[in-house]
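Asker: The structure's right below; bear with me while I get my questions together.
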Ligand SMILES: [Zn+2]
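Structure follows, in structure tokens:
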């Protein structure tokens, strides 16, 4: 019995993805680095390094999944950097802190932000400028069965989602819940008039709902 864990690992029984990622992060932390080289992990890691790369497709993909920096990566696009900021802003219901880049749901560590913008504060400013800049919503990317003549695609852009959340003060418009006030509240941006019922993807027709209210609504008026 006492060798149970040992046996599982030696015989290659599946360790979970979460175990692998947690150990990658642990080794990075031990090194005081944002990234871990595969040969270094081979020496210090708890699991087989090839298991990590196989499971996630490549060593770099494993690093990315762990929220670590990819050492040879030239850089993330601004769009990717901003998308991660929005994930955090939505998750916390407030301006995210630099330290929160290191933990899920963030998938990008602070280094790429500092390289690109110089500081976390400057990165946030750039994000807000980007989000508040005017845009025309992209037309539907593909013909859709809901009918021709739609002005907008189904999924709101990053900018539009941020504008809706900001207008609604990161608060569920049905019950008032906010992740800033209660842990575990998850916010969604949802169509008031369902897109399937010809509701457009516009600021006016989008609203912030928590997952509980969003599900409740779906039960009452199932979207097809
Ligand atoms: Zn709610």
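In the working numbering, the protein residues as written are 1124 to 1347.
Glycine residues also receive a C-beta, built at the ideal position from the N, C-alpha and C atoms.
Suppose you measure from the CA of residue 1141 to the CA of residue 1238; what does that come to, to the nearest Å?
Answerer: Locating residue 1141 in the chain shown gives position 18, where the first residue counts as 1. Locating residue 1238 in the chain shown gives position 115, where the first residue counts as 1. If you take the alpha carbons of residue 1141 and residue 1238, they lie about 28 Å apart.
Asker: Can you tell which of 1204, 1225, 1165 and 1203 has the C-alpha that lies nearest to the C-alpha of residue 1156?
Answerer: Numbered from its first residue, the chain shown carries residue 1156 at position 33. Considering only alpha carbons, the answer is 1225.
Asker: In the DSSP assignment, find the beta strand (DSSP E) that holds residue 1332 and state where it starts and stops.
Answerer: On the chain shown, residue 1332 is found 209 positions in, with the first residue counted as 1. Where residue 1332 is concerned, the enclosing beta strand (DSSP E) stretches over 1329–1333.
Asker: Can you give me the start and stop residues for the alpha helix (DSSP H) that residue 1138 sits inside?
Answerer: What you label residue 1138 is simply residue 15 of the chain shown in a count that begins at 1. It is not in any alpha helix (DSSP H) - residue 1138 carries neither H nor E in the DSSP assignment.
Asker: With which residues is residue 1313 paired in a DSSP beta bridge?
Answerer: Translated into positions along the chain shown, residue 1313 becomes position 190. Bridge partners of residue 1313: 1330.
Asker: With a cut-off of 8 Å, do at least 3 Cβ pairs link the segment 1175–1185 to the segment 1207–1215?
Answerer: In short, these stretches do not touch, since the Cβ pair count stays below three.
Asker: Would you call residue 1298 buried or exposed, if buried means 16 or more other Cβ atoms sit within 10 Å of its Cβ?
Answerer: Position 175 of the chain shown, counting from 1, holds the residue named residue 1298. Exposed, because fewer than 16 other Cβ atoms sit within 10 Å of the Cβ of residue 1298.
Asker: Would you mind reading off the limits of the alpha helix (DSSP H) that contains residue 1235?
Answerer: The residue given as residue 1235 occupies position 112 in the chain shown. From DSSP, the alpha helix (DSSP H) with residue 1235 extends over 1233–1240.
Asker: If you compare alpha carbons, which of 1164, 1165 and 1294 is closest to residue 1123?
Answerer: The requested residue 1123 does not occur in the structure, where the chain is confined to residues 1124 to 1347.
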